[in-house]
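Undergrad: Input: one structure, supplied below.
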Amino acid sequence: MPRSNRPRRPARPVSGGRGRQSGASKPEDGGEDFDLERVLAGFARLESAPDGDWRVRQVTTRNAAKEYTCPGCSRTIPPGVAHLVVWADDHLFGEEAGIAERRHWHTHCWRTRTYRYR
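Here the working numbering is used: the first residue of the sequence shown is 8, the next is one more, and so on.
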């Protein structure tokens, strides 16, 4: 069987003078891999409440891979369910202690909570 002359890998630009290929390639169309939901999910927003300031980060269904217990209703949050990760922004022992004591909440439980959890 004759060989094919078509290249098997896409051509990459050559960097430097030694003929090495660059390790990072950018999408040609300027945003093929851009997912706004995934980008915004990584940022924690600040929420002020009567019980203090809280950092709240949304976990999407794609990123929810483990099972957690919601402190609002004491039920489990199964994998694949969007929820919130919440930690105290003004923790008495600093930012690291607040992050270490973060909790996973159902979105509804966090929005309708009574301020007795701290």
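No residue lacks a Cβ here, since even glycine has one placed at the ideal position from N, Cα and C.
1. Looking at the strands, I want to know which residues DSSP matches up with Leu-53.
2. Check each candidate in Arg-82, Arg-120 and Trp-112 and name the one with the smallest Cα separation from Trp-94.
3. So if DSSP puts Ala-95 in a beta bridge, which residue, or which two residues, is it bridged to?
4. Going by C-alpha distance, which of Thr-67, Val-63 and Arg-15 is nearest Gly-105?
5. Name the DSSP beta bridge partners of Thr-76, please?
TA: In short, the structure shows the following:
1. Counting from one through the sequence shown, the residue named residue 53 turns up at place 46. Arg-62, per the DSSP bridge assignment.
2. Counted from its first residue, the sequence shown places residue 94 at position 87. The shortest C-alpha separation from Trp-94 is found at Trp-112.
3. Position 88 of the sequence shown, counted from the start, is the residue given in the question as residue 95. For Ala-95, which the question treats as bridged, DSSP gives the partners Trp-61.
4. Against the sequence shown, residue 105 aligns to sequence position 98. For Gly-105, the closest C-alpha among the options Thr-67, Val-63 and Arg-15 is that of Val-63.
5. Walking along the sequence shown from the start, residue 76 turns up at place 69. Thr-83.
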